[in-house]
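Q:
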Amino acid sequence: MELLWVFASLTVVGLIMYSIQVFSVKQHLNNSSEQNPVQLSDFKPPLSILKPLKGIDDNLFDNLESFCRLDYPCYEIIFALQDYNDPAHKIALMVKNKHPESDITIIVEHCNQGLNPKINNLVPAYRASKYDLVLISDSNVMVGTDYLNSIVSRIASPEVGLVTNLIRGIGGRSIGAIFENLHLNTFIMGSVCFLDRYLHIPCVIGKSMLMRKSDLEAVGGMNAFKDILAEDFIIGREMKRYGKKVVVSEYMIQNINEYWSLRRFLNRHTRWGKLRWKIGGYQYLSELLCNPVFMSVLTIIAASGERLSALLFALSVSLIKITGDYYVNMLTHRHQSQRFYPKAVCYSVVSSFRQHLFVPAKDILIGLIWFVPFISAKIDWRGNKYIIGEDSRLYSHENYSGVISRLLKRLHNFRPWQIRHNINTPISNFNSSSKI
Amino acid sequence: MLLCDFHIHTKYSDGSLELRKVVDIFGQSGFDVIAITDHVVNGDNSMGRFAHRFKFSVTAHNFDEYLQALRQEAQRAMDKYGMLVIPGIEISKNHLTADKSAHMLIIDIKEFIPACMSIESILIEAKNQGAITVACHPHYLSEALNKNTLYLWNNRDRYSRYIDAWEIGNRDDLFNVISLKKYAFLANSDFHRASHIYSWKTLLRCEKDIQSIKRCIRDNRGVAITLFRN
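Those protein sequence lines, which keep their order, are chains A and B.
Read in order, the letters of the first sequence correspond to residues 84 to 519 in the numbering used here.
Read in order, the letters of the second sequence correspond to residues 795 to 1024 in the numbering used here.
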């Protein structure tokens, strides 16, 4: 019975924390609506857009093409790939051929500098970039024509070291993609706004990072982050330590996720959970409290005699969460369509209310995933297996020998019959044979 | 080489995606040539009537609309992605036993061909229209839910002269019997949903125009297959 009240109380706490997240998103959008960043400044230095490519993302051609249509005086685009056989290479060529007026370079170079494949992809592009201002932009984002004007105006002040953006997931047509978009648009967006606004913790999202080369070099350059999984977050943290501001731009970029499998969704959020656990430590525990739906399900499990009341309670919580998420969705949609995206670009932005009916299922899955980082530190990222350590530092899975794996290896190698054989061998051979 | 897929379904039959979306998926993934080949099912038995009842088949009534939609999408695909879209159908003669069932692709179709005609008549009519005929998934498939269609292979001596190419690869399956017989070959996805894009494909060494592509398939020179993976 006591347990029931504990979970019920935690659910209420979760709802309060969730409300704060929703409020912080609303505040972020309201504040940004008051200013007009596009007109804010005449500061328009030339810049280099670095696009690491690997494989075919949903909507890849349109995503890349949207960067050729930016309303900005001078910029170059560098598509960086690890090898010619990558199917994204052909798409990059198609975009380059279709837009001969754009300054596009395709760099194909196998770089093995570190364990983070994105940094490996970026190193040759960074080296080849012409301008001091660099924008690292993932291949799965699509932007409107005002994107550069908007974000560059925020780095005009020398106090600002890095400009990042909020991400809005759209276009879900499979269950994995719907879950992904719902999670990006509520939990991730809410957390970024909350951390930025109230705790002043720079929460950088690697899908869009605008920096000066000089600032990046001052915090160690690309090389310093070559073995870090959450290179975006750590770059932001190092910028702040260096004394520079990290700004979350009012410009919301679109991340089109259409055909994700459920497995891909689970893989990504297990990975993200592990890196948040390794970076945030005990702060990670608070994430479960921000999941009132999962807490309310625990209330049902804990209720022995009052199952019906607990069920009604959980249903009410789910309904509140669905409504809240839909409200955030409408807020962001209005913000995007009013200010930045012409109708042609801003397609299918009104996620139907039907998709939001999946919110409780998604939250329960996320609640279950939350426990995984306590069990395993292994991650599978783009076909590579790693062990993740403190501050999301990556270790090769093959070379790593943690306590458990060392123990398992010893158990595996333990062969009593060999020891008996060794005992019977002459002393002179004992040492060498015992190593076998 | 041209990256091609000649066996693709949309919501005009039993595919899960609209024609426009299918064209975008292939265009965004860098394909050079695709053929949209929705089912035309024989309506002369209960299985066929079921397909017609639930609109899993292109019919004589909506064929013109189907062709018109394909032409519009072909124009859009060429303008946006430089991708050639060829109209086609998959004649599906479904029967209760695998030995009697046969599926054939008719690529670059101009006029409707009903599936209730005899196989010989269908293939001759396709030839008269200048289309390419392909025997699809002619051997045993690995997916348990898929129904085998063995009629054409079992009667290959009778029909092979009318068939321009045989599907040597279909989604994840390879049919080595095709190579042993040294028949002309193609490999396709049999695309019904988005994940099927990652499957066997054809590579053609020829110009990106419909006549060169048909010639290349018929001559079967400069044809290769590849397993398209992300």
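Virtual Cβ for every residue (Gly too), placed ideally from N, Cα, C.
For clarity, every value in this text was computed on a predicted model and none was experimentally measured.
#1: Nearest CA to the CA of E341 of chain A: which residue from A:C276, A:I311 and A:G254?
#2: According to DSSP, is T804 of chain B part of a helix, a strand, or is it coil?
#3: Could you work out which residue in A:P135, A:M100, A:H172 and A:V89 is closest to G824 of chain B when comparing CA atoms only?
#4: Where does P881 of chain B fall in DSSP's three states?
#5: At a Cβ threshold of 8 Å, is D145 of chain A touching chain B?
#6: State the beta-bridge partners of Q337 of chain A as determined by DSSP.
#7: In the segment 171-183 of chain A, which residues sit with their C-beta less than 7 Å from some C-beta in chain B, listed in chain order?
#8: Locate the beta strand (DSSP E) running through L217 of chain A, then write down its first and last residues.
#9: Using the three-state DSSP reduction, which class does V302 of chain A fall into: helix, strand or coil?
#10: Just the C-alpha distance for S102 of chain A and G244 of chain A, rounded to the nearest angstrom, thanks.
#11: Let me know the secondary structure DSSP gives L198 of chain A once reduced to three states.
#12: Could you pull the DSSP bridge partners for C930 of chain B from this structure?
#13: Determine whether the Cβ of A988 of chain B lies closer than 8 Å to any Cβ atom of chain A.
#14: How would you label Q822 of chain B, buried or exposed, when you count the other beta carbons within 10 angstroms and need 16 or more for buried?
#15: Would you mind sorting A1018 of chain B into buried or exposed? The rule is 16 or more other CB atoms within 10 Å of its CB.
#16: Run the CB neighbour count on I384 of chain A, radius 10 Å, all protein chains shown included, and call it buried at 16 or more, exposed below.
#17: Within 10 Å of its beta-carbon, does R354 of chain A have 16 or more other beta-carbons around it, so buried, or fewer, so exposed?
#18: Could you have a look at I1004 of chain B and say whether DSSP puts it in helix, strand or coil?
#19: Select from A:L440, A:L147 and A:V329 the residue whose C-alpha is nearest the C-alpha of V226 of chain A.
#20: Which of the three DSSP states is assigned to P135 of chain A in this structure?
#21: Would you say S1026 of chain B reaches chain A, if we count a Cβ-Cβ gap shorter than 8 Å as a contact?
#22: So if DSSP puts V1017 of chain B in a beta bridge, which residue, or which two residues, is it bridged to?
#23: Strictly below 9 Å CB to CB, what residues from chain B border I470 of chain A?
#24: With three or more beta-carbon pairs closer than 8 Å as the criterion, would you say the segment 255-274 of chain A touches the segment 203-210 of chain A?
#25: So, does the segment 123-132 of chain A touch the segment 191-207 of chain A, judging by three or more C-beta pairs under 8 Å?
#26: Below 8 Å CB to CB, which residues in the same chain sit around H986 of chain B once its five sequence neighbours on both sides are set aside?
#27: Secondary structure at I99 of chain A, three-state DSSP: helix, strand or coil?
#28: Classify F316 of chain A: buried if its beta carbon has 16 or more other beta carbons within 10 angstroms, exposed otherwise.
#29: Do we get a CB-CB distance below 8 Å when we pair G963 of chain B with the residues of chain A?
#30: Assuming K894 of chain B and Y945 of chain B are in contact, meaning their beta carbons sit under 8 Å apart, how far apart are those beta carbons, in whole angstroms?
#31: Mind pulling the chain B residues with CB within less than 7 Å of I139 of chain A?
#32: According to DSSP, what are the bridge partners of T188 of chain A?
#33: Do the CB positions of H352 of chain A and H480 of chain A come within less than 8 Å of each other?
#34: Closer than 8 Å is the cut-off here; do at least three beta carbon pairs connect the segment 292-305 of chain A with the segment 453-468 of chain A?
#35: Quick one: Cα of A427 of chain A to Cα of L231 of chain A, how far?
#36: Relative to the C-alpha of L86 of chain A, which candidate in A:A393, A:K357 and A:R476 has its C-alpha closest?
A: Looking at the coordinates:
#1: If you number the first sequence from 1, residue 341 of chain A lands on position 258. Of A:C276, A:I311 and A:G254, the residue nearest in Cα terms is A:G254.
#2: Sequence index remark: in the second sequence, residue 804 of chain B carries index 10 (1-based). The DSSP-derived three-state label of T804 of chain B is coil.
#3: Counted from its first residue, the second sequence places residue 824 of chain B at position 30. Checking every option, the nearest Cα to that of G824 of chain B belongs to A:H172.
#4: Position 87 of the second sequence holds residue 881 of chain B. Here P881 of chain B sits in strand by DSSP.
#5: As a first step, residue 145 of chain A is located in the first sequence; it is residue number 62 there, counting from the start. Output row for D145 of chain A: interface = yes.
#6: Within the first sequence, the letter at position 254 stands for residue 337 of chain A. Assignment of beta-bridge partners to Q337 of chain A by DSSP yields A:M225 and A:R251.
#7: Answer set for the segment 171-183 of chain A: K173, I174 and M177.
#8: As a working mapping, residue 217 of chain A is identified with position 134 in the first sequence. One detail in the question is off: residue 217 of chain A reads as Val in this sequence, not Leu. L216 to S220 is the extent of the beta strand (DSSP E) around V217 of chain A.
#9: The residue you call residue 302 of chain A lines up with position 219 of the first sequence. Reduced to three states, the DSSP call for V302 of chain A is coil.
#10: On the first sequence, residue 102 of chain A is found 19 positions in, with the first residue counted as 1. On the first sequence, residue 244 of chain A is found 161 positions in, with the first residue counted as 1. Their Cα atoms are separated by approximately 31 Å.
#11: The residue labelled residue 198 of chain A in the question sits at position 115 within the first sequence. The answer is coil: DSSP assigns L198 of chain A none of H, G, I, E or B.
#12: Taking the second sequence and counting its residues from 1, one reaches residue 930 of chain B at position 136. DSSP, once it has assigned bridges, lists no residue as partnering C930 of chain B.
#13: By one-based count along the second sequence, residue 988 of chain B stands at place 194. At least one CB of chain A lies nearer than 8 Å to the CB of A988 of chain B.
#14: If you number the second sequence from 1, residue 822 of chain B lands on position 28. Looking at its Cβ environment, which holds 16 or more other Cβ atoms inside 10 Å, Q822 of chain B is buried.
#15: If you number the second sequence from 1, residue 1018 of chain B lands on position 224. By the neighbour-count rule (16 or more Cβ atoms within 10 Å), A1018 of chain B is not buried but exposed.
#16: Indexing the first sequence from 1 puts residue 384 of chain A at position 301. It counts as exposed.
#17: Residue mapping note: residue 354 of chain A aligns to position 271 of the first sequence, counting from 1. Only buried fits R354 of chain A, as 16 or more other CB atoms lie within 10 angstroms of its CB.
#18: The count along the second sequence starts at 1 and reaches residue 1004 of chain B at position 210. If DSSP states are grouped into helix, strand and coil, I1004 of chain B belongs with the helices.
#19: Here residue 226 of chain A refers to the residue found at position 143 of the first sequence. Among A:L440, A:L147 and A:V329, the Cα nearest to that of V226 of chain A belongs to A:L147.
#20: As a first step, residue 135 of chain A must be located in the first sequence, where it is residue number 52. In this structure, DSSP gives P135 of chain A an extended state, which the three-state scheme calls strand.
#21: The displayed coordinates of chain B run from 795 to 1024. Any statement about residue 1026 of chain B would go beyond what the structure contains.
#22: Against the second sequence, residue 1017 of chain B aligns to sequence position 223. Beta bridge pairing from DSSP links V1017 of chain B with B:L998.
#23: Start at 1 with the first residue of the first sequence, and residue 470 of chain A comes out as number 387. The contacting residues do not exist; I470 of chain A stays about 25 Å from chain B at best.
#24: no
#25: No, because fewer than three Cβ pairs between the segment 123-132 of chain A and the segment 191-207 of chain A fall closer than 8 Å, the two stretches do not touch.
#26: Position 192 of the second sequence, counted from the first residue, corresponds to residue 986 of chain B. Closer than 8 Å at the Cβ level, and outside the excluded window around H986 of chain B, lie H803, D808, G809 and S810.
#27: In the first sequence, residue 99 of chain A corresponds to position 16, counting from 1. When DSSP states are grouped into helix, strand and coil, I99 of chain A belongs to the helix group.
#28: Position 233 of the first sequence holds residue 316 of chain A. Answer is buried; the Cβ neighbour count reaches 16.
#29: To locate residue 963 of chain B, count along the second sequence from 1; it is residue 169. Taking Cβ atoms only, chain A never reaches closer than 8 Å to G963 of chain B, which makes this a no.
#30: Reading the second sequence from its first residue, position 100 is the one you call residue 894 of chain B. Reading the second sequence from its first residue, position 151 is the one you call residue 945 of chain B. Indeed, because the Cβ distance is near 6 Å, the residues count as touching under 8 Å.
#31: Mapped onto the first sequence, residue 139 of chain A falls at position 56. Those are S823 and N1024, listed as they occur along chain B.
#32: Within the first sequence, residue 188 of chain A is the residue found at index 105, counting from 1. DSSP lists A:I161 as partners of T188 of chain A.
#33: Within the first sequence, the letter at position 269 stands for residue 352 of chain A. Within the first sequence, the letter at position 397 stands for residue 480 of chain A. Going by C-beta atoms, H352 of chain A is not nearer than 8 Å to H480 of chain A.
#34: no
#35: In the first sequence, the residue the question calls residue 427 of chain A occupies position 344. In the first sequence, the residue the question calls residue 231 of chain A occupies position 148. Low confidence applies to A427 of chain A: its pLDDT is 40, below 50, so where it sits in the model is not reliable, and the reading given next is rough at best. Cα-Cα distance, rounded: 18 Å.
#36: Position 3 of the first sequence, counting from 1, holds the residue named residue 86 of chain A. Comparing Cα-Cα distances from L86 of chain A to each of A:A393, A:K357 and A:R476, the minimum goes to A:A393.
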